[in-house]
Structures are given as structure tokens and as C-alpha cells.
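The structure appears right after this line, and notes come after that.
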Amino acid sequence: MPTPAIRAQLAAFQGFMTDLFQKDFLLTWEHPTEEIKAIVTLAETLKQLHQAGYSYRAFDTGLAISIFRDNSTRTRFSFASAASALGFTLSDLDEQKSQVAHGETVRETANMISFLAEVIGIRDDMFLGEGNKYMREVGDALTDGAQQGVLHRRPSLINLQCDIDHPTQSLADLAWLKKHFGSLENLKGKKIAMTWAYSPSYGKPLSVPQGVIGLFTRFGMDVTLAHPKGYEVMDDVVEVAKRQSAESGGKFTVTNSMSDAFAGADIVYPKSWAPFKAMEERTELYGNGDFDGIKSLEKKLLKQNAEHKDWECTEELMAKTKNGKALYLHCLPADITGVSCEAGEVAATVFDRYRDPLYKQASFKPYVIAAMIFLAKTKDPAAMLKQLEKRGELRHLGI
Amino acid sequence: MPTPAIRAQLAAFQGFMTDLFQKDFLLTWEHPTEEIKAIVTLAETLKQLHQAGYSYRAFDTGLAISIFRDNSTRTRFSFASAASALGFTLSDLDEQKSQVAHGETVRETANMISFLAEVIGIRDDMFLGEGNKYMREVGDALTDGAQQGVLHRRPSLINLQCDIDHPTQSLADLAWLKKHFGSLENLKGKKIAMTWAYSPSYGKPLSVPQGVIGLFTRFGMDVTLAHPKGYEVMDDVVEVAKRQSAESGGKFTVTNSMSDAFAGADIVYPKSWAPFKAMEERTELYGNGDFDGIKSLEKKLLKQNAEHKDWECTEELMAKTKNGKALYLHCLPADITGVSCEAGEVAATVFDRYRDPLYKQASFKPYVIAAMIFLAKTKDPAAMLKQLEKRGELRHLGI
Amino acid sequence: MPTPAIRAQLAAFQGFMTDLFQKDFLLTWEHPTEEIKAIVTLAETLKQLHQAGYSYRAFDTGLAISIFRDNSTRTRFSFASAASALGFTLSDLDEQKSQVAHGETVRETANMISFLAEVIGIRDDMFLGEGNKYMREVGDALTDGAQQGVLHRRPSLINLQCDIDHPTQSLADLAWLKKHFGSLENLKGKKIAMTWAYSPSYGKPLSVPQGVIGLFTRFGMDVTLAHPKGYEVMDDVVEVAKRQSAESGGKFTVTNSMSDAFAGADIVYPKSWAPFKAMEERTELYGNGDFDGIKSLEKKLLKQNAEHKDWECTEELMAKTKNGKALYLHCLPADITGVSCEAGEVAATVFDRYRDPLYKQASFKPYVIAAMIFLAKTKDPAAMLKQLEKRGELRHLGI
Numbered sequence: 000m001p002t003p004a005i006r007a008q009l010a011a012f013q014g015f016m017t018d019l020f021q022k023d024f025l026l027t028w029e030h031p032t033e034e035i036k037a038i039v040t041l042a043e044t045l046k047q048l049h050q051a052g053y054s055y056r057a058f059d060t061g062l063a064i065s066i067f068r069d070n071s072t073r074t075r076f077s078f079a080s081a082a083s084a085l086g087f088t089l090s091d092l093d094e095q096k097s098q099v100a101h102g103e104t105v106r107e108t109a110n111m112i113s114f115l116a117e118v119i120g121i122r123d124d125m126f127l128g129e130g131n132k133y134m135r136e137v138g139d140a141l142t143d144g145a146q147q148g149v150l151h152r153r154p155s156l157i158n159l160q161c162d163i164d165h166p167t168q169s170l171a172d173l174a175w176l177k178k179h180f181g182s183l184e185n186l187k188g189k190k191i192a193m194t195w196a197y198s199p200s201y202g203k204p205l206s207v208p209q210g211v212i213g214l215f216t217r218f219g220m221d222v223t224l225a226h227p228k229g230y231e232v233m234d235d236v237v238e239v240a241k242r243q244s245a246e247s248g249g250k251f252t253v254t255n256s257m258s259d260a261f262a263g264a265d266i267v268y269p270k271s272w273a274p275f276k277a278m279e280e281r282t283e284l285y286g287n288g289d290f291d292g293i294k295s296l297e298k299k300l301l302k303q304n305a306e307h308k309d310w311e312c313t314e315e316l317m318a319k320t321k322n323g324k325a326l327y328l329h330c331l332p333a334d335i336t337g338v339s340c341e342a343g344e345v346a347a348t349v350f351d352r353y354r355d356p357l358y359k360q361a362s363f364k365p366y367v368i369a370a371m372i373f374l375a376k377t378k379d380p381a382a383m384l385k386q387l388e389k390r391g392e393l394r395h396l397g398i
Numbered sequence: 000m001p002t003p004a005i006r007a008q009l010a011a012f013q014g015f016m017t018d019l020f021q022k023d024f025l026l027t028w029e030h031p032t033e034e035i036k037a038i039v040t041l042a043e044t045l046k047q048l049h050q051a052g053y054s055y056r057a058f059d060t061g062l063a064i065s066i067f068r069d070n071s072t073r074t075r076f077s078f079a080s081a082a083s084a085l086g087f088t089l090s091d092l093d094e095q096k097s098q099v100a101h102g103e104t105v106r107e108t109a110n111m112i113s114f115l116a117e118v119i120g121i122r123d124d125m126f127l128g129e130g131n132k133y134m135r136e137v138g139d140a141l142t143d144g145a146q147q148g149v150l151h152r153r154p155s156l157i158n159l160q161c162d163i164d165h166p167t168q169s170l171a172d173l174a175w176l177k178k179h180f181g182s183l184e185n186l187k188g189k190k191i192a193m194t195w196a197y198s199p200s201y202g203k204p205l206s207v208p209q210g211v212i213g214l215f216t217r218f219g220m221d222v223t224l225a226h227p228k229g230y231e232v233m234d235d236v237v238e239v240a241k242r243q244s245a246e247s248g249g250k251f252t253v254t255n256s257m258s259d260a261f262a263g264a265d266i267v268y269p270k271s272w273a274p275f276k277a278m279e280e281r282t283e284l285y286g287n288g289d290f291d292g293i294k295s296l297e298k299k300l301l302k303q304n305a306e307h308k309d310w311e312c313t314e315e316l317m318a319k320t321k322n323g324k325a326l327y328l329h330c331l332p333a334d335i336t337g338v339s340c341e342a343g344e345v346a347a348t349v350f351d352r353y354r355d356p357l358y359k360q361a362s363f364k365p366y367v368i369a370a371m372i373f374l375a376k377t378k379d380p381a382a383m384l385k386q387l388e389k390r391g392e393l394r395h396l397g398i
Numbered sequence: 000m001p002t003p004a005i006r007a008q009l010a011a012f013q014g015f016m017t018d019l020f021q022k023d024f025l026l027t028w029e030h031p032t033e034e035i036k037a038i039v040t041l042a043e044t045l046k047q048l049h050q051a052g053y054s055y056r057a058f059d060t061g062l063a064i065s066i067f068r069d070n071s072t073r074t075r076f077s078f079a080s081a082a083s084a085l086g087f088t089l090s091d092l093d094e095q096k097s098q099v100a101h102g103e104t105v106r107e108t109a110n111m112i113s114f115l116a117e118v119i120g121i122r123d124d125m126f127l128g129e130g131n132k133y134m135r136e137v138g139d140a141l142t143d144g145a146q147q148g149v150l151h152r153r154p155s156l157i158n159l160q161c162d163i164d165h166p167t168q169s170l171a172d173l174a175w176l177k178k179h180f181g182s183l184e185n186l187k188g189k190k191i192a193m194t195w196a197y198s199p200s201y202g203k204p205l206s207v208p209q210g211v212i213g214l215f216t217r218f219g220m221d222v223t224l225a226h227p228k229g230y231e232v233m234d235d236v237v238e239v240a241k242r243q244s245a246e247s248g249g250k251f252t253v254t255n256s257m258s259d260a261f262a263g264a265d266i267v268y269p270k271s272w273a274p275f276k277a278m279e280e281r282t283e284l285y286g287n288g289d290f291d292g293i294k295s296l297e298k299k300l301l302k303q304n305a306e307h308k309d310w311e312c313t314e315e316l317m318a319k320t321k322n323g324k325a326l327y328l329h330c331l332p333a334d335i336t337g338v339s340c341e342a343g344e345v346a347a348t349v350f351d352r353y354r355d356p357l358y359k360q361a362s363f364k365p366y367v368i369a370a371m372i373f374l375a376k377t378k379d380p381a382a383m384l385k386q387l388e389k390r391g392e393l394r395h396l397g398i
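Chains as they are written, first to last, in numbering that gives the first Met the number 0: chain A, 0 to 398; chain B, 0 to 398; chain C, 0 to 398.
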């Protein structure tokens, strides 16, 4: 039987009013804060159930499909873990092995794979203006398929990182901050510095910084976005951050000084990304098949990056944070100076000191994804949790 | 508890006498019509159970292995869906990652992967005279392994498309026609035009047209095979079609006019394929390692194809069909003029008008495969269905 | 309900005292003989349960992760089979599709994939001094992750072949010998010839011969290791073999004559491997990125191999064994003269005569792996088996 802590957690979930059933999850700012809180609370509950050895397998069969249009380790295994825990069969659409390359449309593929699918997770973060658009195209095709009676039920989409947002990352980050600081209320007034950092690689997605400012501005935090000139993020997301910040009684600042951002920060999130304008140019070059243009753009960007090698999360910078002890966040893998590259996003001593917290930050992702799927597939989630509690099954027979 | 419709469906299945237990399914014409009907009826039943949210998971563990020697989206996901629904773990044999390339024999590999396997689905459609032969080689190895006590039980093979037949496609097509026209009896006398159509690509398998004439001639239909001269299909299958047609009181005609085939047709199935003789030549060239020869054959075939660009399913042709409203079929993906290619198998307006029916046609495949596996692995399928009905479990706990 | 034979088997297991819970299995000689016997006995039990149609699914969810850094068919499917039978979701870490290539550390990846993992199987046999080291690095990272509260529980590692040992192979071999000769006691005094054999390929791992001499010397056997001069195995393993042989009252001999090794042998295991020294050189060249050096080493080794084409398991040699009827073993796939190569490890007639026994030898591997996982994940394995017996569930509902 569940422990008192889990019972409390299960009880905490009862109050939420969510409208996530049979919906997609593509951008955090499309969802009311109530739903964000519901996901985080359910993720915590599932994590506690896992730790205590309980099963929350709510399905006996069905496909959970993943489509990765970019490399992935942690999101891939997080999705696989969530699918397994809920009882789904994982099925990866490898576009190289499928007939997608043969001119098949998105609409067709979306329907063809979905006859017995319950959820589809998609990562498509390579080209600006493409990833989120692709997800919506898939979503529209599924809606149409369900309406026309092609699909018995419409599988729900989970954004596993697009060109705009990385909701499973930012929600895992939020769950970790809640755990670390004790509650979402405690985040009020806390300063988080989402800052650009130097990396010798090129073209990293903007979805993490955008996801962070697009989510944390909802909780009354002092959110500072810092980057060198020329490394602006998408205007639309900056507008979201401004609006949410105003609504939540927080603060949203953009600065070109890493040092200003770190000053007095409770939390720092230094991470490289590519400039938005350059990524727009790249998408256009790619659209025109101008591969020479892409190569020369890459060269230009690496050179531009190299002008900002001083944007590194050093011990000196960390010393400027609140009591010199800000919580360091990263979505991983980080470019660690002297470890994975000559000069990178973070000094080795800083990274080493925060290794365990970083891994704990990452540990929330499988449960966040499981919570998203659970809420998308369950009409009355609170009743379902009660039933799981009543069942009280262990994952391991007879321990 | 199952709805009355499902109960009727379950009852409908009770009468069939089948001998599919522990057998392979390689060519539809190797099986009596009773077994064909049993598969289609069971597929419909499983589809209804899925729609109503019921579980038909009959296994708690075991491997369902897929071997794809050619690209696949819908058959791959259909097999995965069927495996998941029945409770199997899907395991794909990726011949690139295995030691098969290292000179291991078919006989050995077949046994090595099968110790805990229940079913093996194989697609091998690239070379004439190879695919079906390979499946039988695997089957013989499994029979031998089971007889020698190497395997506790012999997994059953499912042909997921070979050089001769594509039974999971043609049976899904049949299930769709049954649904569309109300019953198999209603197919009697209906005219189906299985016609070649132009495609800018080369070497498409003959298994679909052969599968169609090899199956639909059993149901008293007026089956017309149409293709330009030089695009003949295998003689053996034409013989099967003739024989079955005579037995079933139907008609089987071969013509070189697409227009004649469409005239008054109830159903049209325009689809490109490679000429049989050319595919024989290709297999021989491949056997001799004559890759220059293959390239020049490819060139010749594309040129030959291009002489028949008028073999396109246009609005004009559709107008010639019964009331101008024949049901358009395709195994997908289709080469759509102006969409996936400059000139192709079908006009965009025709394809667009039939999109939903086409997707519904495809939607039967997972259930056809599940039915095939169910019948191959279950000694008394009717008793098993009764037991599933009695269990009455939902796929989703507590909905 | 289990048959009397299975009940006896289940009873036989009750007596073993093992300390395998939450441990890794990396080298057989790190484990007391009691644990080796427990694994073999449990593997036999699970095999009998499978044959009788019983389920031993002890888990309802959780990941079983495989990491294959080299090609594999039988070990890959054995691991998949074991994972399925126990109820895990199989998740393969394909390092090409992950971000591992992007400078991510072993420590990080190990934690990132393991949040809901129960077991991780690793094959890493390509470079001397690397594979086993890598496994221990992963193991240390997992231990650290569990201690720091990053992981709720530490997944256990299973060595699926490294540069030093191939425990799932040698234990499957042992289970087969036990079956063939009636008991482990009956192996006492039996002569097994683990001999090098010629192969036209290069760089085959030493883990099989090392695994064999490192395991069979524990059972009072007369273990003879034979190879041409220059094909020595690792000194450390030879020392293990010597020590164990002395302790068990057996014999351990190294000879440079295949004929001497075969003389009077009860069991022969002729198999190619690369010379240890050459593999050390290769690892060094690889470390220095000296690919020209590797190529010239390869050339040299193939030439050196070719000097020993007479090291073939021929009918003549087989005639020298005990009554001319020694049991022929191989881990498969074998290089068969005139079949998979011009000249190889074994004559076609010898291989053909032993095909079924060879396949039976291989058939134990899935159950050995399942037994290893079962013992690593179950606190009281005897109680768990009793519970499985009491449950008495069939794998196939209602057969």
C-alpha cells in the first residue's frame, strides 16, 4: 500500500481542473498555469510511486511512437521510460527505414502509423520555422483522421523539442526547482539568469532558452535573459515572457552582460544557442538547397561565436551569484572547458560541483513525460490515480 | 462487457473450421476460402474490440520478430501494432547490426533468433524468385529446429510482402471491400480493374497486382488485369486467377487497355509495377554481380515506363466507371501527379477525393496481421475469443 | 500447474546461497561456484517453464537496456528474449542516434538512461583493455548515481561479451554440457580441448577461449588450451585457469599442437581468435589514431593466420578424440570450409554432423541471461520462484 507521503501526493493531485484529455502538448504558454501545476504535481507523484516500487501501468497494450529528427539520448530514454511505465509498446519511426523518403506526405504517414497509437512524441528542432509547424501538421492530420473515422481515437502529440519550445525540458527544470526550493510559491522573487554561453559547436537550438523564459516568467520570478548582441531569441517568445512576467508580478530583463545576469542570481542556466537571425538565414539557404551557403554561414557563425569565449560560466562568475551559491542548471550535455572541448560553456570545477544536482534535474524528465501522456489519455485522472492506489500493485511481483 | 455488435461478431466467428494453428501464411491461394473468411472476420472483430476499448491481449510475453529487407512504413507499424495488441515484444532483426553479413546461413539465423519467438514477419520483395524462396527456407529451418528439439515450439511465419504475393495487403483490401459493399457475397459480379499505372520510379514489386488477382478471383468477381504490353505478371499467378475465377463463377480478363478496364468498373486499383521479364533479368544480373548491367536495365525500364505516361488514373477515366463512382483503391504511397512527382499513377483531384476511403482501406492491415497471428498461435480460436469476451478487460485500466 | 519435472527443478534451486542481488555480472571468476551453479540451475528451470508454456514474468514494467558496440545476432536476441520473458521493455542505446558522440561522458550517459532502468547489457569486445574497463566505468557511475540519490535504484550490468570474458556464452556452454553429460559432477575428469582454429578473418575477440578456460577449470575438468605460437591469450586469465584447476582437482594444459589437444578429448571447441599481443598493439595504434598502422597490422595478422591453415577441425582430427565422438562446440557463427569461406575453422561434414547439438548449445543463452537478471533483481529468488509456481500462469491466455 502507498506510504503516507505518496497518499499526500495523490491527494494533492485531486484538486486540479485540467483540459488536457485527448489534447496535444506543444508549447507551455498555450496552457493555463493550472495545467502546468497539474503536470508537475503528477510527475512528482509518479516519481514517488516509482521510488516506492509501485506500478502505475494504466494500459495493457497500445503504441507509443517516437519520431526523432535529431539525435537524442536523454529525451529518447525518457520517452521510452514513460512509455514502458504506462504499459505501451515503444515504436520508433525511423524515417530512413520507412517510405517517408519516397514522397509520402506528412498527412498520410501520420494516419498510417496511428491506427493503434495512443501517443506520438516528436523531436524536430533543426530548422527554424519547421519543427513546431511539422508537429501541427501531424496534429491536424490526426484530427482529420479521427473525424473522418479513419482512426478510432486520435493519439496525442508530445513536443519532445522543436524550434520554439522544449516543454519536457522546461517542465522537468520546473519540477526540479520546486523540489530544490520546496514549492512553486518559493520561486516567487528568485532570480534566474538564462544566459548564452560560448560553445565551439554551431547551430544549437533556441528551444531551451525560449522554453525557460516562456515558462519561468509565470511564477513571479526575476527572469534575466543574457546574451551577446546578435544572439537574440524569437521576438514572439520575448513577448510571451514580458506578458507572463507582468501577469505574475515577476520581472523580465534582457541584457548583454553575463556578469549583470549572474549578479545576485539564485539560479543560473548558462547555455549556448545559435542566433535567431542566423537560423532564419540557414532555414532559407536549406530551403534553396544552397549547401555552399550553409557551409559559409556555419564558418561565419563559428567565427562570431569565438568572439565571445569570455561567456563562460567560471568560478569568478559563480562567486557573483547569491552567496556565491546559485543553483547551476543545464539541459545536458554541456560543453565543459578542458573536458569535452578546449573552451566551452562552463568551467570544469563548476560543472563537477553541480554534477549531482544536474543529474537530479534531468531525472524529472521521464516522469514529466509520463504525466503528460497520463493526462492526455485519461478522462478523469484523479479517479484513475485513486484506482491505481487501490490496486496497489508493485512493479516487481512479490517483492 | 462487449456491445451487442461485438457479441454478434464474436458469434459469427464460431463456425469457421481452420487449419492455421502453427502454420505459416505465405500465399493466399495456398489456403481454402474458409480460412480467408476466418481471417477477415476475425480482423473485423479485433477492429471492433479495439474501437470499443477492449483488450485482446492473449499473450503475456514472447517475441514477435520482424525482418524487413526493404523499406516499409505501414506494414512495419501494422506488424508492430498487432504484436503490441496481442502482448508480444517486438524485436526487429536489423541485418546490418547482426552477424548475418558474416556468412551466417539462413538456417542458422532462423534458429538462433527463435528460441523464444512466437511469430516472424518477413518482407523480402526486391528480387524475383528470391523473397518467397527465402521465407520457405526460413520456414524449413524452423520446422527442422522444432523437430530436432532445438526449438520448444516453431514460430509461425507471416509474409509481409514477397516477390509473388502481398497477403496482408490483399486481405486488408478484401476486408475493406467487404465493409464497403456490406458483405463478401455482395462482391459477386462486381468488376474490379487491377491496372498498371505510370510511375517515374523503377522496379516496383509485382506482389500487389498478383496478390489482388490471386485473391479477388475467389469471390465471383469480374477481375480485369490491365497493363501495357511488356508488363505481364507471373504466369503461375495468372493461372491461379483463371482457375479460381472459373471455380467461383467469376470472370478473369487480361487487357492492354486501361480504358477498357475502367469501363463500368465498380472498383479500380491503378498501380505501377515492373515488367516480370525485366525483373527476372534484374535478378540474374544481380546474381552475376553485374551492376553496370543493372544500371543500364534501369535506364531502359524508365524509358519504357515513360512511353506509357497516358496510363494515369485521371478524372476522364474515372468518369467511365460505374456511374463515374468506382471505389478507388491503392496500397499507398501513390505517385500523385503534380504532388509527389510531375506525372504519376493518379491525378491529384482523384486521389484527394478518395483520401479517406484509402486510409480506411489501410486501416484494416494491423487487424488482418493480428488475426493471422492469433489463428497461427491459438489451438481453439473460438474458445479463446469466448474467454477474451468473458475476461472483458479494457485496454485502459478503469475507463 | 507445473509438472513434476519442473517442481523438482524449482526445488533444486531452493538450496543455493547467492549474493547476486543488485550486483553486476562481469567475469565468471569473480563469482563463487555456488553462484555459477545457481545461474545454471535457474536457467534450466526457466527453460523448462518456457517449454511447458508457463510464464515467469516477474515484472510489469521497467527498461532492459542493451548497448551493442559490435554486431550481434544471437546475444542480441537472447537479451531481447530474456527481457521480454521477465516483463521488461527493451530499449537499445544506439550510440549513433544518441548524443554520446557529442562528447558526453560515460558517467553522464550511464545516469541519463537509467532513471527507470532495471538492467543494462553491454557488448564491448573490440579493443583489448577497453571493453571490461568501460563496463566498470558504467558500473561505478551507476553506483555513484544511486548513492547520490540520482537513481532510485541501481540497474545491474550484464557483460554480453567484453575483451576479457564472455560469461553469457560460457555459462550457456556449461548448461549445455551439464545437460549433455547429465550433471556438473559428470564433467569431472572430462577432457575439453579449447583450441585455436584458422579463419580468413581478422581480430576475433579472445573472450570465448578466455571465458572457457576461466570457467571450465572450476569443475575438475581436463582443460587443454591449444594454439599456434604467437596466439597466446591474456596471462591473467591463464593464471585464473591454473589456480581454479588446482583447486578443483582438474588439469590445465597449454600446448601448441591441435592434434595433442584433440587426442582423447571428450569435448572440442575449435575457434579462431587474434593474438593477444597483436590486439594490444592494435589498441595502441587505435589510441594514437594510426589507421595506416592498423591496416598494416591487419595485413600482417592475416598473413600470420594463413600460416596456420592446418589448424582446422577435420574428420581426421575428430577421429583422434574419445571414441572418435567428442562433442563439438562453437559459439557460432563458425567459418566452415567450403561453405562460408574457402578454408576455415571446421570441415563442412563435421559441422553438419553437429548442427543440432550446436543449436542446442546456443539455446541456453536466453535462459542464462534471464537467470542472471532474475538473480540480480530479486532479493529472495527462491521465494519468488515459489510465488511464480503458485501463480501458475501460462504465457498464452487459456491454452
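Every residue gets a Cβ at the ideal spot worked out from N, C-alpha and C, and that includes glycine.
Assigned secondary structure, C/Arg-6 (DSSP; H/G/I helix, E/B strand, else coil): As a position in the third sequence, residue 6 of chain C is number 7, starting the count at 1. Per DSSP, reduced to three states, the secondary structure at C/Arg-6 is helical.
Reference B/Lys-364, options B/Ala-305, B/Thr-216, B/Asp-334, B/Ala-82, closest by Cα: As a position in the second sequence, residue 364 of chain B is number 365, starting the count at 1. The candidate whose alpha carbon is nearest that of B/Lys-364 is B/Ala-82.
Under 9 Å from the C-beta of B/Gly-61: neighbouring residues of chain C: Position 62 of the second sequence, counting from 1, holds the residue named residue 61 of chain B. Going along chain C in sequence order, the residues near B/Gly-61 (Cβ under 9 Å) are Ser-80, Ser-83, Ala-84, Arg-394, His-395.
Contact with chain B by C/Phe-76, beta-carbon distance below 7 Å: Translated into the one-based positions of the third sequence, residue 76 of chain C becomes position 77. Residue contact check for C/Phe-76 against chain B: a CB pair falls below 7 Å.
Nearest-angstrom Cα separation, counted from C/Gln-147 out to B/Ala-42: Sequence index remark: in the second sequence, residue 42 of chain B carries index 43 (1-based). Sequence index remark: in the third sequence, residue 147 of chain C carries index 148 (1-based). Between B/Ala-42 and C/Gln-147, the C-alpha separation is close to 51 Å.
Contacts of A/Val-232 in chain B (Cβ-Cβ under 8 Å): Within the first sequence, residue 232 of chain A is the residue found at index 233, counting from 1. Neighbourhood of A/Val-232 in chain B, by CB distance below 8 Å: empty, with the nearest CB roughly 35 Å away.
Cross-strand partners of C/Ala-116 (DSSP beta bridge): Working through the third sequence from its first residue, we reach residue 116 of chain C at position 117. Residue pairing of C/Ala-116 in beta bridges, as defined by DSSP: C/Leu-62.
Nearest candidate by alpha-carbon position, reference A/Ala-240, set A/Ile-157, A/Leu-26, A/Leu-331: Translated into positions along the first sequence, residue 240 of chain A becomes position 241. Here the closest residue by C-alpha is A/Leu-26.
Among B/Trp-175, B/Phe-67, B/Gln-303, B/Met-233, the one whose alpha carbon lies nearest that of B/Pro-208: Mapped onto the second sequence, residue 208 of chain B falls at position 209. For B/Pro-208, the closest C-alpha among the options B/Trp-175, B/Phe-67, B/Gln-303, B/Met-233 is that of B/Met-233.
Test: A/Gln-13 CB closer than 7 Å to a CB of chain B: If you number the first sequence from 1, residue 13 of chain A lands on position 14. No, A/Gln-13 lies away from the interface with chain B (no Cβ there is under 7 Å from its Cβ).
Cα-Cα separation between B/Ala-100 and A/Leu-141, rounded to whole angstroms: For the purposes of this step, residue 100 of chain B is taken as residue 101 along the second sequence, with counting starting at 1. For the purposes of this step, residue 141 of chain A is taken as residue 142 along the first sequence, with counting starting at 1. Interpretation of B/Ala-100 is limited by its pLDDT of 49, a score under 50 that renders its predicted location unreliable; no figure is taken from the coordinates.
Neighbour flag for B/Asp-355 against chain A, beta carbons, 7 Å: Here residue 355 of chain B corresponds to residue number 356 of the second sequence, with the count starting at 1. At least one chain A Cβ lies under 7 Å of B/Asp-355.
Close beta carbons around B/Lys-177, own chain, < 7 Å, minus the five adjacent residues each side: Your numbering for residue 177 of chain B matches position 178 in the second sequence. Same-chain partners within the cutoff: Val-39, Leu-183.
Contact with chain A by C/Ala-57, beta-carbon distance below 7 Å: Here the question's residue 57 of chain C lines up with position 58 in the third sequence. By the rule that beta-carbons nearer than 7 Å mark a contact, C/Ala-57 touches chain A.
Any 3 or more C-beta pairs closer than 8 Å across the stretch 60-73 of chain C and the stretch 111-121 of chain C: Segments in contact, yes.
Closer than 7 Å to chain A by CB, C/Gln-146: As a working mapping, residue 146 of chain C is identified with position 147 in the third sequence. Chain A contact via Cβ: absent.
Burial state of C/Met-383, where buried means 16 or more other Cβ atoms lie within 10 Å: Walking along the third sequence from the start, residue 383 of chain C turns up at place 384. C/Met-383 is buried by the Cβ-count criterion.
B/Glu-311, buried or exposed, once every other Cβ within 10 Å from all chains shown has been counted against 16: Translated into positions along the second sequence, residue 311 of chain B becomes position 312. By the 10 Å Cβ count, B/Glu-311 comes out buried.
Closest Cα partner of B/Gly-52 within the set B/Ile-5, B/Phe-15, B/Ala-37, B/Ala-245: The residue labelled residue 52 of chain B in the question sits at position 53 within the second sequence. Scanning B/Ile-5, B/Phe-15, B/Ala-37, B/Ala-245 for the CA closest to the CA of B/Gly-52 turns up B/Ile-5.
Sequence-distant residues of its chain with Cβ nearer than 6 Å to C/Lys-189 (five each side left out): Working through the third sequence from its first residue, we reach residue 189 of chain C at position 190. Result list for C/Lys-189: Met-220, Asp-265, in chain order.
Local conformation of B/Ala-100 per DSSP, three classes: Within the second sequence, the letter at position 101 stands for residue 100 of chain B. Any reading at B/Ala-100 needs caution, since the residue's pLDDT is 49, under 50, leaving its predicted position unreliable; the model's value is listed next. If DSSP states are grouped into helix, strand and coil, B/Ala-100 belongs with the helices.
B/Leu-85 and B/Ala-116 closer than 7 Å at C-beta: The sequence position of residue 85 of chain B within the second sequence is 86, counting from 1. The sequence position of residue 116 of chain B within the second sequence is 117, counting from 1. At least 7 Å separates the beta-carbon of B/Leu-85 from that of B/Ala-116.
For B/Ala-109, the nearest candidate out of B/Asp-139, B/Phe-126, B/Asp-351 (CA to CA): Locating residue 109 of chain B in the second sequence gives position 110, counting from the first residue. Distance check between B/Ala-109 and each of B/Asp-139, B/Phe-126, B/Asp-351 places B/Asp-139 closest, using alpha-carbon atoms only.
Proximal residues of chain A, C-beta to C-beta of C/Ile-121 below 9 Å: Translated into the one-based positions of the third sequence, residue 121 of chain C becomes position 122. In chain A, no part has a C-beta under 9 Å from the C-beta of C/Ile-121; the shortest such distance is about 15 Å.
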